Each structure stands twice: as C-alpha cells, then as structure tokens.
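The structure under discussion appears below in the form of structure tokens.
In this note's numbering, the protein residues as written are 35 to 515.
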C-alpha cells in the first residue's frame with residue numbers, strides 16, 4: 035500500500051528517526067565501553083564486539099557517509115580481504131589492526147565531548163569575538179593562537195567557528211562587491227587560521243595523529259615530546275608571521291578594527307582548561323597505572339562533564355545532576371548523528387595502517403634501502419616528503435604517517451632518535467595540512483570564508499608550504515645525521 039493510500043485509510047506512519055538516533059548513540063556508547071574494557075582485560079573478545087557495534091552504528095545511516103568516506107571504507111575492506119587471502123585468519127595479524135582502528139575511533143569520539151561545554155561557554159564565545167576584532171598588526175598572532183586554543187577544545191570545529199567569524203567581519207559594499215581592503219583582510223584572516231591550526235597536529239594532546247604516533251614509539255611520551263613539539267610549532271607559526279608581514283598592505287584608518295581590550299585576559303581564562311585536561315590525564319596515569327594515551331582518552335569526557343556541571347551550577351539550576359544527565363544524553367545523541375564520516379575515516383585508516391605494512395612488506399623495503407647504503411637521514415627525509423606529497427594528491431597523511439611510524443619504530447639499522455623521527459613525520463603532516471585541497475580542514479575553511487579551496491591551498495599558501503618543507507628538510511638532514 036502506498037503512503038498516500040495509507041493516509042487516506044487512516045493508517046498512521048510513525049517517524050522512527052528519533053528511535054534510530056537514540057539506538058545509534060547507544061551503540062556508540064557501548065562501543066566506547068567495550069574499547070575501554072579491552073584495555074583493562076587480557077581477553078580479546080571486547081575489541082571484536084566493539085568493532086561489530088561500530089559497524090552497526092555506521093550502517094544505521096549510510097546516506098550521511100560521503101563518497102570520500104566510502105572510498106576509505108572500501109579500501110579498508112579490500113585490505114582486509116587481501117590480508118585474509120595472503121595470511122589467512124591469523125589473530126596476530128588482525129587483532130592489532132582491529133585494536134588500532136577501534137582505539138583511534140574511540141579517541142575521536144572522546145574528543146567530540148569537549149564540543150558540548152565549549153558551545154555553551156561564554157569564555158569561548160568572547161574569545162572568538164575578540165580575535166576577529168583585532169587590528170592588522172595583531173591579527174595574525176591573535177588568530178593563529180586562537181586557532182591553536184580552539185583546535186585543542188573543538189578540533190576541526192575551530193575552523194568552522196573562526197572561519198565563519200572571519201567571513202562575517204567582512205561586509206560587501208552597497209553594490210555587493212568587497213573592497214580590495216576587505217579582500218586582503220579576509221585573505222589574511224584565512225591564512226592566519228590555517229597556519230595557526232595546522233601545527234596543532236605537532237603538539238596538541240588532542241591531536242589524533244600525534245597521540246597514535248607517540249604510542250607507536252615505546253620510549254616516547256607526550257610529556258617528553260612536548261618541548262620539541264612546541265619548538266617546531268613556534269617555528270611554523272613564526273614562519274607564517276614572516277609571510278604575513280611580507281604580504282601586509284595596510285588598512286585604511288577608517289577600516290581598522292577596534293581592538294578588544296580583554297583579549298589577553300580571555301586567553302588567560304581559557305588556557306587552564308587545556309592544562310587542566312592534561313593534568314587530569316597525568317593523575318589518571320598514576321592512579322590507574324594505564325598509558326598516557328588511555329588516560330587522556332578517559333580524562334577528556336570526564337573533564338567535559340565537570341566543565342558542563344560547573345556551567346549548570348553557575349546558571350543556578352536547582353537539580354544540577356539531573357540537568358547534567360539530560361544535557362549529556364541530548365547532546366551526545368545529536369553529536370552521534372554527525373560523527374559517522376569522521377569515525378569511518380579514522381577507523382579505516384587505523385585498520386589499514388597496521389595491515390598494509392605486512393601485506394606489502396614495507397619493513398623489507400626499508401631494510402633493503404638501508405642495506406644498499408642509503409643514509410638514515412636521507413631515508414627519513416624521503417619518507418617525510420612522501421607524506422607531504424601524497425597528501426597534496428589526496429592520500430590521507432594520517433594513514434601514511436601512521437604507516438611510516440609503525441615501520442620506522444622497529445626496523446633494524448635505522449638508528450635515528452625516536453623524537454626526531456616522530457617530529458619529522460608530524461612536521462610533514464602539518465605542512466600537508468596547509469596545502470592539500472582534499473583535507474576536511476581546508477575544504478571546511480574554504481566553505482566558511484566563501485573562497486575556492488584551490489585558491490587558498492595552491493594560490494595563497496603554496497609558497498609558505500614549500501618554504502616550510504624546505505626548512506624541515508634541512509632540519510632532518512642535520513638532526514638525523
């Protein structure tokens with residue numbers, strides 16, 4: 035019976051979308067619980083059930099999955115099938131792959147919980163407004179550091195927040211055409227956001243790639259890696275500042291933005307949030323005896339809940355715990371509807387980063403190159419340039435960086451300090467993030483500021499990205515010698 039006929043005979047067609055959304059959120063919550071349980075148990079069954087939960091969650095709304103995500107999922111399926119053909123159903127091959135994919139997906143889900151209190155925070159809102167109101171001389175550094183701060187808290191949501199604010203701050207004239215000054219101002223803000231957000235991957239405790247790469251090297255922790263990472267981040271932002279100064283044209287006095295007097299104070303009020311999460315993770319590491327990565331993954335949603343509870347208490351809610359439960363249930367259900375593309379990409383990349391190595395004998399290739407006399411620093415340079423170059427043509431640097439880290443962490447005769455290897459891969463990742471028109475970050479930024487993505491990546495930022503990789507190449511040849 036057709037829908038129109040059903041309505042005519044009085045049959046009620048019930049919308050089951052809300053029930054499906056709640057079921058999807060429950061699957062996602064169950065997946066997170068099983069993933070954490072697997073970290074504390076010696077049994078392997080939780081990770082396989084977690085994998086099933088995640089696949090069911092993705093299958094609930096296939097229409098929300100974009101073509102690029104489908105490509106990654108099909109690539110993962112092809113890699114799994116090829117590995118089954120070559121190796122058979124070996125637990126030592128597939129268990130690490132499922133563990134890696136599940137944990138990365140769990141980490142991504144954990145990070146999204148920070149968006150809930152951030153979107154309700156007056157501190158974050160005031161900081162965003164203050165950043166875009168800065169005059170030309172202070173705009174680059176304020177937006178670059180703002181992108182760093184928002185990136186830690188909101189991840190890619192920082193691009194949407196700052197990009198939208200930047201676009202709204204530039205108004206067309208009566209004829210609907212932007213002035214040259216406005217166009218230059220929007221370009222400066224766009225590049226400031228991009229060059230501020232890109233090096234976040236080098237140091238941020240909420241950077242998925244950094245956390246996975248650090249976990250790959252047993253003798254490396256986020257705390258010991260942080261000084262080197264902050265130095266590289268300062269170099270990246272500093273190079274962007276030099277390019278910004280060289281491109282500065284000056285704004286008419288009448289068009290200068292009015293500086294916000296409280297920018298420094300707002301920054302200082304927001305910074306404890308970041309350091310509080312890191313401190314909480316450190317405490318959990320000592321109390322629970324777990325790895326830094328697992329402690330951080332657990333601490334993020336707990337910190338989000340505490341922050342959200344403080345907001346509810348400040349609003350004078352008479353039943354704060356009940357209100358907290360209602361907000362968490364409502365917002366997690368809503369967020370779970372939007373996360374399928376992101377979760378699918380990271381799940382696929384995590385699984386493939388483990389399976390591709392043995393499938394194509396990457397270890398053997400690297401060992402053969404070392405045996406032929408290729409110096410380790412030249413090899414590391416080639417790997418870093420490969421991560422950067424493949425990203426420019428659409429290959430995820432997340433996948434290539436993880437794959438190379440997994441290989442270089444144990445290959446015989448490599449001999450480069452682990453912090454140098456990790457930092458080289460992360461600096462190449464940051465460079466690729468600022469030039470690839472295929473990345474979600476650059477595409478979202480282009481949509482927010484209403485400019486072609488290729489114009490931003492290849493027209494505005496190409497010289498900067500190539501200069502950055504040139505400096506990285508020199509550093510690798512010296513530091514890895």
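Heads up, the beta-carbon is just placed ideally off N, CA and C, and yes, glycines get one too. Note that this is a predicted model, so its numbers are computed, not measured.
message: To the nearest angstrom, how far is the alpha carbon of residue 69 from that of residue 309?
response: In the chain shown, counting from the first residue as 1, residue 69 sits at position 35. In the chain shown, counting from the first residue as 1, residue 309 sits at position 275. Going from the Cα of residue 69 to the Cα of residue 309 covers about 26 Å.
field: Exposure of residue 484, with buried meaning 16 or more beta-carbon neighbours within 10 Å
entry: Position 450 of the chain shown, counted from the start, is the residue given in the question as residue 484. Residue 484 counts as exposed, since fewer than 16 other C-beta atoms from the protein chains shown sit within 10 angstroms of its C-beta.
task: Note down the Cα distance separating residue 351 from residue 59, rounded to an integer number of angstroms.
output: Within the chain shown, numbered from 1, the residue matching residue 351 stands at position 317. Within the chain shown, numbered from 1, the residue matching residue 59 stands at position 25. For residue 351 and residue 59, the distance between alpha carbons rounds to 26 Å.
Spatial neighbours of residue 475 in its chain, beta-carbon cut-off 7 Å, leaving aside the 5 residues before and after: Looking up residue 475 in the chain shown gives position 441. Excluding positions up to five away in sequence, the list reads 190, 193, 231 and 467.
- prompt: Is it true that the CB of residue 472 sits closer than 9 Å to the CB of residue 14?
  reply: Residue 14 lies beyond the stretch modelled for the chain, which goes from 35 to 515, so this question has no answer here.
message: Let me make sure I understand the geometry here. Which of 96, 54, 123 and 398 has the alpha-carbon closest to that of residue 378?
response: Numbered from 1 along the chain shown, position 344 holds the residue referred to as residue 378. Selected option, being the one with the closest Cα: 96.
message: Across the stretch 82-100 and the stretch 125-145, are there enough close Cβ pairs to call them in contact, namely three or more that are closer than 8 Å?
response: Result yes; three or more Cβ-Cβ pairs closer than 8 Å.
- request: In angstroms with no decimal places, state the Cα-to-Cα distance between residue 438 and residue 346.
  value: The residue labelled residue 438 in the question sits at position 404 within the chain shown. The residue labelled residue 346 in the question sits at position 312 within the chain shown. Cα-Cα distance, rounded: 45 Å.
message: Count Cβ pairs between the stretch 105-112 and the stretch 356-368 that sit closer than 8 Å; are there 3 or more?
response: Output reads no: the stretch 356-368 does not touch the stretch 105-112.
- prompt: Quick one: Cα of residue 93 to Cα of residue 137, how far?
  reply: Counting from 1 along the chain shown, the entry for residue 93 is found at position 59. Counting from 1 along the chain shown, the entry for residue 137 is found at position 103. Going from the Cα of residue 93 to the Cα of residue 137 covers about 19 Å.
- prompt: How do the stretch 398-417 and the stretch 140-155 stand: do at least 3 beta-carbon pairs fall below 8 Å, yes or no?
  reply: Because the criterion of three Cβ pairs below 8 Å is not met, the stretch 398-417 and the stretch 140-155 do not touch.
- prompt: Roughly how many angstroms lie between the CA atoms of residue 479 and residue 464, to the nearest whole one?
  reply: Sequence index remark: in the chain shown, residue 479 carries index 445 (1-based). Sequence index remark: in the chain shown, residue 464 carries index 430 (1-based). For the pair residue 479 and residue 464, the Cα-to-Cα distance works out to about 16 Å.
- prompt: Which residues mark the beginning and the end of the alpha helix (DSSP H) in which residue 344 is found?
  reply: Within the chain shown, numbered from 1, the residue matching residue 344 stands at position 310. Segment 326-348, the alpha helix (DSSP H) holding residue 344.
task: Could you tell me how far apart the beta carbons of residue 381 and residue 90 are, in whole angstroms, since I believe they sit closer than 8 Å?
output: Your numbering for residue 381 matches position 347 in the chain shown. Your numbering for residue 90 matches position 56 in the chain shown. The distance from the Cβ of residue 381 to that of residue 90 is about 13 Å, inconsistent with a contact at the 8 Å cut-off.
query: Are residue 457 and residue 156 close, meaning C-beta to C-beta below 9 Å?
result: Residue 457 sits at position 423 when you count from the first residue of the chain shown. Residue 156 sits at position 122 when you count from the first residue of the chain shown. In this structure, residue 156 does not lie closer than 9 Å to residue 457 by Cβ.
query: Leaving out five residues before and five after residue 293 in sequence, what residues of the same chain have Cβ atoms less than 8 Å from its Cβ?
result: Numbered from its first residue, the chain shown carries residue 293 at position 259. Note that residue 293 scores a pLDDT of 46, beneath 50, so its modelled location is shaky and nothing firm can be said.
query: In its own chain, which residues sit with a C-beta less than 8 Å from the C-beta of residue 72, not counting the 5 before and 5 after it?
result: For the purposes of this step, residue 72 is taken as the residue at position 38 of the chain shown. So the list reads 78, 80, 81, 84, 133 and 136, once near-sequence residues are dropped.
- prompt: Ordered along the chain, which non-local residues of its own chain (more than five positions away) have a Cβ less than 6 Å from that of residue 271?
  reply: Looking up residue 271 in the chain shown gives position 237. Cβ neighbours of residue 271 beyond the five flanking positions: 178.
task: Would you mind reading off the limits of the alpha helix (DSSP H) that contains residue 245?
output: Working through the chain shown from its first residue, we reach residue 245 at position 211. Note, residue 245: alpha helix (DSSP H), 242-250.
query: I think residue 503 touches residue 236, with their Cβ atoms under 8 Å apart; what is that distance to the nearest whole Å?
result: Residue 503 sits at position 469 when you count from the first residue of the chain shown. Residue 236 sits at position 202 when you count from the first residue of the chain shown. Residue 503 to residue 236, Cβ: 14 Å. No contact.
- prompt: Given a threshold of 16 other Cβ atoms within 10 Å of its Cβ, counted over all protein chains shown, does residue 254 qualify as buried or as exposed?
  reply: In the chain shown, the residue the question calls residue 254 occupies position 220. Counting every other CB atom within 10 Å of its CB across the protein chains shown gives residue 254 a total of 16 or more, marking it as buried.
- prompt: Are at least three pairs of beta-carbons, each pair with one atom in the stretch 307-321 and one in the stretch 113-124, less than 8 Å apart?
  reply: Contact annotation: the stretch 307-321 does not touch the stretch 113-124, with fewer than three C-beta pairs closer than 8 Å.
task: Determine the DSSP secondary structure at residue 402, reduced to helix, strand or coil.
output: As a first step, residue 402 must be located in the chain shown, where it is residue number 368. In this structure, residue 402 counts as helix in the three-state DSSP scheme.
field: Buried/exposed call for residue 28, threshold 16 Cβ in 10 Å
entry: Nothing about residue 28 can be reported from this structure: the residues present for the chain run from 35 to 515 only.
- request: Let me know if residue 320 comes out buried or exposed under the rule of 16 or more other beta-carbons within 10 Å of its beta-carbon.
  value: One-based indexing of the chain shown puts residue 320 at position 286. Flag for residue 320 reads exposed.
query: How far does the alpha helix (DSSP H) with residue 221 in it reach, from first residue to last?
result: The residue given as residue 221 occupies position 187 in the chain shown. From DSSP, the alpha helix (DSSP H) with residue 221 extends over 214-231.
- request: Output the distance between the C-alpha atoms of residue 183 and residue 174, rounded to the nearest integer angstrom.
  value: Against the chain shown, residue 183 aligns to sequence position 149. Against the chain shown, residue 174 aligns to sequence position 140. Computed Cα separation, rounded: 14 Å.
- request: Would you verify that the beta carbon of residue 398 is, or is not, closer than 9 Å to some beta carbon of chain B?
  value: Chain labels in this structure do not include chain B; a single protein chain is all it has.
- prompt: For residue 256 versus residue 233, is the C-beta distance shorter than 9 Å?
  reply: For the purposes of this step, residue 256 is taken as residue 222 along the chain shown, with counting starting at 1. For the purposes of this step, residue 233 is taken as residue 199 along the chain shown, with counting starting at 1. Taking 9 Å as the Cβ cut-off, residue 256 and residue 233 do not qualify as a contacting pair.
- prompt: Under a three-way DSSP split, which group does residue 488 fall into?
  reply: Here residue 488 is taken as the residue at index 454 of the chain shown, counted from 1. Look at residue 488 here: in three-state DSSP terms it is helix.
field: Beta-carbon gap between residue 99 and residue 375 smaller than 9 Å
entry: Taking the chain shown and counting its residues from 1, the one referred to as residue 99 is at position 65. Taking the chain shown and counting its residues from 1, the one referred to as residue 375 is at position 341. Cβ atoms of residue 99 and residue 375: closer than 9 Å.
message: Let's test the definition: count the other Cβ atoms within 10 Å of the Cβ of residue 342 and tell me whether it reaches 16, buried, or not, exposed.
response: Locating residue 342 in the chain shown gives position 308, where the first residue counts as 1. By the 10 Å Cβ count, residue 342 comes out buried.
Helix, strand or coil at residue 514 [DSSP, three-state]: Indexing the chain shown from 1 puts residue 514 at position 480. In the structure shown, residue 514 sits in coil (DSSP, three-state: anything other than H, G, I, E or B).
message: Just to confirm my understanding: we take residue 449, look at its own chain, exclude 5 residues before and 5 after, and list those with CB closer than 8 Å. What are they?
response: As a first step, residue 449 is located in the chain shown; it is residue number 415 there, counting from the start. For residue 449, where only same-chain residues beyond five positions count, the Cβ hits under 8 Å are 410.
message: Distance check for residue 217 and residue 185, CA to CA, integer angstroms please.
response: As a working note, residue 185 is residue 151 in the chain shown. As a working note, residue 217 is residue 183 in the chain shown. Taking the straight line joining both Cα atoms gives about 25 Å.
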